[in-house]
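The number in this note's numbering is simply the position in the sequence shown, starting from 1, with 1 added.
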Amino acid sequence: MKKKAALALLLLSFCTGTALFAQTKTGIHLLSSHQLSGDEGWDYLLADHAQNKLYVSHGTQVNISNETTGDSIGIVKNTPGVHGIALVSVLKKGYTSNGKSGECTVFDLQTNAVLRKIKVGENPDAIFYDDFSKKIFVFNGHSLNASVIDPVKDQVIATIPLGGKPETGVSDGKGKVYVNIEDKNEVVCLDTRNLKVIKRFKLAGGEEPSGLAIDRLTSRLFVGCSNKVLIVMDAITGKQISTLPIGDGSDGVVFDPQLKLVYSANGEGTLTVIKEVNANKFEVLENVKTKKGARTIALDEINHHIFLPTADLKPGKGKKAARIPGTFTVLTFGK
Numbered sequence: 002m003k004k005k006a007a008l009a010l011l012l013l014s015f016c017t018g019t020a021l022f023a024q025t026k027t028g029i030h031l032l033s034s035h036q037l038s039g040d041e042g043w044d045y046l047l048a049d050h051a052q053n054k055l056y057v058s059h060g061t062q063v064n065i066s067n068e069t070t071g072d073s074i075g076i077v078k079n080t081p082g083v084h085g086i087a088l089v090s091v092l093k094k095g096y097t098s099n100g101k102s103g104e105c106t107v108f109d110l111q112t113n114a115v116l117r118k119i120k121v122g123e124n125p126d127a128i129f130y131d132d133f134s135k136k137i138f139v140f141n142g143h144s145l146n147a148s149v150i151d152p153v154k155d156q157v158i159a160t161i162p163l164g165g166k167p168e169t170g171v172s173d174g175k176g177k178v179y180v181n182i183e184d185k186n187e188v189v190c191l192d193t194r195n196l197k198v199i200k201r202f203k204l205a206g207g208e209e210p211s212g213l214a215i216d217r218l219t220s221r222l223f224v225g226c227s228n229k230v231l232i233v234m235d236a237i238t239g240k241q242i243s244t245l246p247i248g249d250g251s252d253g254v255v256f257d258p259q260l261k262l263v264y265s266a267n268g269e270g271t272l273t274v275i276k277e278v279n280a281n282k283f284e285v286l287e288n289v290k291t292k293k294g295a296r297t298i299a300l301d302e303i304n305h306h307i308f309l310p311t312a313d314l315k316p317g318k319g320k321k322a323a324r325i326p327g328t329f330t331v332l333t334f335g336k
């Protein structure tokens, strides 16, 4: 009996340890969830660690909350069909891309007051501030081009034809900007000096690319695709380094340069975590359970917290699933 009991205890200990290990491959788990006002749709969000603020696009406004507590700080109003947010901290200004009005709203980072609006292309979607050129790039989904804004003058200084529907854009910090072209299954490279397209990289095995991130140190692009794969690409040559499985409904991808982790936010309700072992080796570590509809993502690179917006959804698929009023929430994940 003693031998049987000891054996049973050993087996129990082994199984328990195995289960715990399986649940904590990365240690990433839900830290908090904070409900925000409003019942409209959402898209991009942006974490500003320096000010401890989280900016969340939400229908016709941008909700601003305390990154730590989730408390409401303010709202940038009258941003119809808002998709993305960009910050130019040195100028104390923020910018939103308003898909329905074809404009960018400029707002004061301290008061959240609207300063002016800038006419760009049709259905402006992704937007970001390029720290190299000191310009704002706005990617227009319907006019198939990019608007380049000088944030000092708040004027469009160039419009760049892209030859397809753009999604997310990123900068290498050295004069090159990359953007997914969703309907052409390619990544386009722009030169920020002459503001022209200089390279086009076709995606082999990747369909409808949406999320995009970059490791500036290794010159690796991480392209999230709708057919449940993430493609790792050499940003200089366009060579595909690796193709990795991710969850269904990926719309947002971020890269943590300190932890060397790539995250794909999947609308099915998972967060795919990929480890960059070195510039040519990548491994899927885990698919962390999140919540259905959590398909876009923001990363605080200082505290490594991950933010995912979603709402309770009625039966349906992907972006077409109806939202249940009063349930819009931002989930915070981390270790």
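A virtual CB, placed ideally from N, CA and C, is assigned to each residue, including glycine.
N-terminal and C-terminal residue of the beta strand (DSSP E) that residue i is part of
i	result
Leu163	Counting along the chain, Leu163 falls outside any beta strand (DSSP E), and DSSP gives it neither H nor E.
Phe256	Ser251 to Asp257
Phe202	Lys197 to Lys203
Glu284	Lys282 to Lys290
Val139	Lys136 to Asn141
Asn267	Leu262 to Asn267
Asp216	Pro210 to Asp216
Pro125	Pro125 to Asp131
Gly28	Careful: Gly28 lies outside any beta strand (DSSP E) and carries neither H nor E.
Phe334	Thr330 to Gly335
Asn64	Gln62 to Asn67
C-alpha gap between residue i and residue j, whole angstroms
i	j	result
His30	Gln52	24 Å
Arg217	Gly239	15 Å
Arg324	Asn195	44 Å
Leu213	Ala147	16 Å
Val107	Val89	10 Å
Gly386	Phe329	Outside the modelled stretch of the chain, which goes from 2 to 336, sits residue 386, for which no answer is possible.
Gly170	Asn181	7 Å
Ala114	Val77	7 Å
Ile150	Arg117	13 Å
Phe22	Lys290	With a pLDDT of 37 at Phe22, under the threshold of 50, the predicted position of this residue should be treated as unreliable, and no value is reported.
Gln339	Lys101	Residue 339 is absent from the structure shown; the chain starts at 2 and stops at 336.
Gly327	Leu163	39 Å
Lys229	Gly103	31 Å
Asn99	Lys203	29 Å
Pro246	Ser265	10 Å
Asp249	Leu262	19 Å
Ser134	Ala205	31 Å
Val278	Ile119	43 Å
Ser58	Val139	15 Å
Arg1	Val63	For residue 1 there is no data in the structure shown, the boundaries of the chain being 2 and 336.
Lys276	Tyr179	22 Å
Gln156	Gly268	36 Å
Tyr56	Ser66	7 Å
Ala127	Val189	14 Å
Phe308	Val331	6 Å
Residues near residue i by beta carbon distance below 6 Å, same chain, minus five either side
i	result
Gly71	His35
Gly95	Leu88, Phe108 and Leu110
Ser227	Glu208 and Glu209
Ser243	Val233 and Phe283
Val91	none
Thr160	Asn146 and Ser148
Thr219	Ala280
Gly122	Asn141, Ser144, Asn146 and Ser148
Pro81	Thr61, Asn99, Lys101 and Ser102
Gly253	Gly212, Ala266, Thr297 and Ile298
Val255	Ala214, Tyr264, Ile298 and Leu300
Residue i (DSSP reduced to helix, strand or coil)
i	result
Gln241	strand
His306	coil
Gln111	coil
Leu92	helix
His50	helix
Ala236	coil
Ile298	coil
Asn279	strand
Leu145	coil
Glu385	The chain is shown only over 2 to 336; residue 385 falls outside these bounds and no answer can be derived.
Val178	strand
Phe223	strand
Glu183	coil
Thr80	coil
Asp192	strand
Leu37	coil
Pro246	strand
Thr70	coil
Val121	coil
7 Å Cβ shell around residue i - same chain, five flanking residues per side excluded
i	result
Asp192	Gly176, Lys177 and Ile199
Lys366	The requested residue 366 is not part of the displayed model; the chain covers only 2 to 336.
Asp257	Leu300, Glu302 and His305
Cut-off 8 Å between Cβ atoms - residues of its own chain near residue i, not counting five sequence neighbours on either side
i	result
Lys93	Asp109, Leu110 and Gln111
Asp132	Ser172 and Gly174
His50	Glu68, Asp301, Glu302, Ile303 and Asn304
Leu32	His306, Thr333, Phe334 and Gly335
Ala322	Lys293, Gly294, Leu314, Lys315 and Pro316
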